[in-house]
Each structure stands twice: as structure tokens, then as C-alpha cells.
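Number of protein chains: 2
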Amino acid sequence: MTPQEVVGAFIAAIEARDVDAALALLAEDVSYENMPMDPIVGREMTGMVLHSYLDISTDVEWRIVREVVDGDVVINERVDRFHIGGGWMELPVAGFWEVRDGLITRWRDYFDMTAYTTQLAGLTGG
Amino acid sequence: MTPQEVVGAFIAAIEARDVDAALALLAEDVSYENMPMDPIVGREMTGMVLHSYLDISTDVEWRIVREVVDGDVVINERVDRFHIGGGWMELPVAGFWEVRDGLITRWRDYFDMTAYTTQLAGLTGG
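Written as C-alpha cells, this is what we have:
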């Protein structure tokens, strides 16, 4: 698979809420970085974080707004959508993915955390 | 100038805190989008916003971490640094720039707003 195909397969696994399939596309020492927070390092820790937001969602859709490939780097603008409780959360995200030997070694997302927490509170009645 | 050169000249003007020079590189109907907030439309409104954060800074440095060009689109990962009061604010940003006829028509930044407001409060004693 090309780097773009690897990232596409990863996002398809996320949308299927299949954490195991998603983790199989990550390098063992993957660095998952929600900027500017500290990196989440390793497949196991990343799996825990994925579960934390996929398990509360009944439907997940990550729309690609734009995607550019530069060698082993895939960049996408996305709208990450999560159906939680009775409604959809929509989060604009910029993702920078580095792929080596068919596995994602770094996944860096930029987004406004408050847009996430505010919508989450609204949907969960928090 | 190429799209990359236009964006580079814009960032150089920002670092020089020369709002007029920066605005001269924007299309009249530029859309300046700090995601997920509503777009700031037009050169005049964008100038007001630029003044709001450049005028309180005594030094500005936008470090390019990575830059990829795809036709008329320039994408950069940056660390936008502002010296305010006695210290530096550092903000990781993902920027997506669209350039037409030597002018920036869309400037879209993704970042964590709370990282900005929290540091700003710390530096200004707010």
C-alpha cells in the first residue's frame, strides 16, 4: 500500500470503529500527537485513546476535505464527525501522517480542543 | 512570485509586524479562517485582527516546521511565537494557504485556541 492508502485504510477502520484493525496499521512505537499536548507514544496507549472516543460513538465519519501527499507524508484537512447520544459532533482537523514500511509512525492532528469538549458536553448532557 | 514565495513574504511581513506589507499580499476578498470560527472576510477586517495580536507583541517569529506545496496551495506546520510582556508565547499551528495571481485568497489555520488564550493570560497577567 502507498502511504495514502495506509492512511485511507486507517481512517476506514476508525469509521468502522474497529480499533484492532486501526492499530494494525500503526508502528509499534507510533507517536500520536494532538497538538499541543504531549505525544501519546506506542500502539497500546494509542489504542486506549481510540477506544475512549470510539466506544462512546454510535457512528463515526471522517470526511476528507483536502488531501496532499508528499513522499512518505500524507496531509489532510478533515471534518471528523462522531454520532454521540442524539446528535453529531463535527470537528475540523488538520492531520499530518508519516508512513514507513506500510505503517503509520507519526500521526499529528491540529484542532481546537474546546470545540471538542464543548460539543461533547452538549451531547452527553455534561 | 510563486505561491510559496508569496506565503513566505507574508510571514516575513508578519515577523516585521508590518501589517500594511502583509495586507498587500492578500486578495481584497481574502478569507482568513481560524478553524472552527467563522471566516474573517476581506483585507480590512483581516488587518484589524492582525493588529490585535501584532500590536501587543514586541517580537514575532513564525517558525516553519514543515512546508509542502501542491499547485496553488501551500501547507505549513508552524510554531508561531509572540514575545508579549516578559515572555514568549508558542503556538503550534497548521496553515493551509491558497494563492491566486500572486495574492493570498484563503488563509486557514488550525490550532488550539485555549493554548493561545491561556498563554496570553499568563503573559499579560490577565
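Sequences listed follow chains A and B, in order. By the numbering used here, the letter at position 60 of the first sequence is numbered 60, and the numbering carries on one by one without gaps. By the numbering used here, the letter at position 80 of the second sequence is numbered 80, and the numbering carries on one by one without gaps. We put the beta carbon where it would ideally sit given N, CA and C, even for glycine.
Where residue i meets chain B, residues with beta-carbon distance less than 8 Å
{"i": "I75 of chain A", "result": "V68, I75"}
Proximity to residue i [Cα-Cα], best of the options
{"i": "E28 of chain A", "options": "A:R43, A:P36, A:R63, A:W107", "result": "A:R43"}
{"i": "E61 of chain A", "options": "A:R17, A:F111, A:S31", "result": "A:R17"}
{"i": "V35 of chain A", "options": "B:L123, B:T114, B:G125", "result": "Checking the sequence, you will find Met at residue 35 of chain A rather than Val. Nearest of B:L123, B:T114, B:G125 to M35 of chain A, Cα basis: B:T114."}
{"i": "G125 of chain B", "options": "B:P92, B:G87, B:D70", "result": "B:G87"}
{"i": "I40 of chain B", "options": "B:T118, B:G122, B:R108", "result": "B:R108"}
{"i": "G85 of chain A", "options": "A:Y110, A:W97, A:I56", "result": "A:I56"}
{"i": "A21 of chain B", "options": "B:Y32, B:S31, B:V7, B:E33", "result": "B:V7"}
{"i": "P3 of chain B", "options": "B:Y116, B:D59, B:N76", "result": "B:N76"}
{"i": "D101 of chain A", "options": "A:D72, A:S52, A:D59, A:D38", "result": "A:D72"}
{"i": "E15 of chain B", "options": "B:M45, B:L23, B:D59, B:V30", "result": "B:D59"}
{"i": "D70 of chain B", "options": "B:W97, B:G122, B:S52", "result": "B:W97"}
{"i": "Y116 of chain B", "options": "A:L91, A:M37, A:L123", "result": "A:M37"}
{"i": "G122 of chain B", "options": "B:H83, B:G95, B:R106", "result": "B:H83"}
{"i": "R66 of chain A", "options": "B:G95, B:S52, B:L91, B:R66", "result": "B:G95"}
CB of residue i within 8 Å of CB of residue j, strictly
{"i": "V68 of chain B", "j": "V99 of chain B", "result": "no"}
{"i": "L50 of chain A", "j": "M89 of chain A", "result": "no"}
{"i": "I104 of chain A", "j": "L54 of chain A", "result": "no"}
{"i": "V19 of chain A", "j": "G47 of chain A", "result": "yes"}
{"i": "F111 of chain A", "j": "Y32 of chain B", "result": "no"}
Contacts that residue i makes with chain A (C-beta to C-beta distance below 8 Å)
{"i": "P92 of chain B", "result": "M35, P36, Y110"}
{"i": "F96 of chain B", "result": "R66, E77, A94"}
Cutoff 8 Å: residue i Cβ touching any chain A Cβ
{"i": "A115 of chain B", "result": "yes"}
Contact belief for residue i with residue j at Cβ below 8 Å, rounded distance in angstroms
{"i": "A9 of chain A", "j": "M1 of chain A", "result": "7 Å"}
{"i": "I64 of chain A", "j": "R78 of chain A", "result": "6 Å"}
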